[in-house]
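When you line the sequence shown up against mature numbering (1 follows the signal peptide of the UniProt record, and there is no 0), it's residues -18 to -1, 1 to 436, in that order. Virtual Cβ for every residue (Gly too), placed ideally from N, Cα, C. Please read these numbers as outputs of a predicted model, since none were measured by experiment.
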Amino acid sequence: MLRILFLALCGLLTHTRADPGALLRLGLDIMNREVQSAMDESHILEEMAAEAGKNRPGVKPIKGITNLRVKDVQLPGITLNFIPGAGIFQCVSTGMTITGKSFMGGNMEIIVALNITATNRLLQDEETGLPRFKSEGCEIILVSVKTNLPSNMLPKVVNKFLDSTLHKVLPSLMCPAIDAVLVYVNRKWANLNAPMPVGQMGTVKYVLTSIPTTTASYIQVDFSPMVQQQEGNIIQLADAGEAFEFPEGYAERSSQLLLSATFLTAELALLRKSFDVNVHDVKIGQLPPQTTKTLAGFIPKVSKAYPKSKPLVTQIRINKPPKVTMRTGNSLLHLHGTLEMFAARRRGKAPVSLFLLESHFNLKIQYSVHENRLQMVTSLDRLLSLSQESSSIGAFNEKKLTGFITGYLQEAYVPVINDALQVGFPLPDFLDIDYDLAELGIVENALVLDLKLN
């Protein structure tokens, strides 16, 4: 068996950052599927068999045999294994029957079992910068040969004829099949470096940080994602400070995708404007009426300023980039911003500001995948801090508002965040990976998707 070497995937390099924001481990499960599906989709062995008996330019007819035909091509069996530091070796096992008129004048039938081996290098396409497989050194290894040639013929004559026939027929028949299969595999890299939209807010583009590395169990691909706002500005991934890595314990031959907390933070920065909100509703979920009378129960000075109850208008502005943190089994979204409450007025007059608070609160994040996009749903974890920046009703103890604001955030604000998050975030698009089947887990500083096959 020969080796498929994963060597020169040097392309798709950018100057955005040195450290990867996402890591992919490709196990033998996905690689086996891709080679097998490419073989099945191309029907290449059947096509090559159909071409065997035709006159082809540059191919001389075989002496001693006419009306050459190939039939009964067996479904191929494919074996792959990783070679540390190099790539993969592959063996394609199949069989077929070769028929024709022999030099003896009768009908000849040769039943052959064989292995096809080739070295396929993974290179960078000069025009697109995408990975591209190229085969080298295709060889045919005969496993068994049976023939209906007369038994009274001299063994040496039969063997010489068979050897001459098979070594002329099989390489020209089978080796082009390897090239054709690679065409199908190469197509499945085509969308890898294409920008993918995040609603109307911007795009995410997965590009390679370095040449993929091969171990005895997987190929690792490091991505340096490019997160770009609609206006064209690039959101740089922050220095993580702490390394993230694949946890142990996954099944042999399996594949995983790891997304760093810093990468998810950059993606959420695209939605930052969507996190700003003005709420005018008086009745919100299970909360008491959003009026100055309700607020006066926490701050008595409000009733003095507004003896007649007025509806409240609440404005929340996020003034720092959202940040995602991850610890094993737990992920939080940190939000810093201002919360300003107003007393509404009639007849189209602008509402009057009551107070402005600086706030810091956390949301718990639950992750899922739908239609190959990462989805997030949040719930309030806790309100960490409140500080008074200004007040038109005089000084007051903002800590008395902790319960009121906590309930407000959960009932009124978290739904706004979840609505914005429904847009979802794209995942690397290549090799027909179905991320919807993945099992998700949270590890230190990263989200891991354990990829599954249908």
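Within the DSSP secondary-structure output, L269 pairs in no beta bridge. In summary, T191 is buried, with 16 or more beta-carbon neighbours lying within 10 Å of its beta-carbon over all protein chains present. Annotation: A326 to S369 spans about 23 Å, alpha carbon to alpha carbon. Contact annotation, V295 with P333: C-beta distance approximately 5 Å; criterion of less than 8 Å satisfied. The same chain holds no residue with a CB closer than 6 Å to that of Y390 once the five nearest residues on each side in sequence are set aside. Nearest to K128 by alpha-carbon distance, out of L433, V52, I80, R15, is I80. For Q370, the beta-bridge partners assigned by DSSP are L339. Taking 9 Å as the cut-off, the Cβ atoms of L241 and G423 do not count as close. CA-to-CA, the gap between G119 and Y232 works out to about 35 Å. When only Cα atoms are considered, L246 and T76 end up about 46 Å apart. If you look at S285, you'll find it in the alpha helix (DSSP H) that goes 283 to 287. Apart from sequence neighbours up to five positions away, the residues of its chain that approach I122 with a beta-carbon distance below 7 Å are L96, I98, L152, P153, M156, ordered along the chain. Taking V55 as the centre and dropping the five residues before and after it, the same chain places the C-beta of L27, E28, A31, T76, M78 closer than 7 Å to its C-beta, in chain order.
Taking C-alpha positions only, D416 is separated from A68 by approximately 27 Å. In this structure, the beta-carbon distance from I375 to K286 falls below 9 Å. One Cα belongs to K265, the other to G9, and the distance between them is close to 53 Å. Here the alpha carbon of P207 sits roughly 11 Å from the alpha carbon of L174. In the three-state reduction of the DSSP assignment, E23 falls in the helix class, which pools H, G and I.
A contact is defined here as three or more CB-CB pairs under 8 Å, and the stretch 380 to 388 fails this definition with respect to the stretch 396 to 410.
A residue is called buried once 16 or more other Cβ atoms fall within 10 Å of its Cβ, and L336 is buried on that count. Counted as a single uninterrupted DSSP element, the beta strand (DSSP E) harbouring V125 occupies residues 113 to 129.
Rounded to the nearest angstrom, the gap between the Cα atoms of M308 and D432 is 17 Å.
Taking C-beta separations shorter than 7 Å and ignoring five residues to either side along the sequence, the partners of S126 in its chain run A95, following chain order. No Cβ-Cβ contact shorter than 9 Å links N168 with F205. When only Cα atoms are considered, L148 and N102 end up about 24 Å apart.
Distance from the Cα of N89 is smallest, within the candidate group G406, P289, L365, T48, for T48. Contact between F412 and L356 fails: their C-beta atoms lie close to 16 Å from each other, not under 8 Å. Counted as a single uninterrupted DSSP element, the stretch harbouring A198 is not any alpha helix (DSSP H), since DSSP gives it neither H nor E.
T274 sits buried, since 16 or more C-beta atoms from the chains shown fall within 10 Å of its C-beta. Residues of the same chain with a CB within less than 7 Å of the CB of Y166, apart from the 5 flanking positions on each side, are A20, E23, S24 in chain order.
Counting C-beta atoms within 10 angstroms of its own C-beta, P177 has fewer than 16 neighbours from the protein chains shown and is therefore classed as exposed. A distance below 6 Å between beta-carbons, with the five flanking residues on each side excluded, links T61 to the following residues of its chain, in chain order: C73.
A distance below 6 Å between beta-carbons, with the five flanking residues on each side excluded, links S367 to the following residues of its chain, in chain order: H342. N89 sits in a strand when the DSSP states are folded into three classes. Here the alpha carbons of I12 and S236 stand approximately 8 Å from one another. Of the residues assessed, S361 falls on the exposed side of the cut-off, its CB having fewer than 16 other CB atoms within 10 angstroms.
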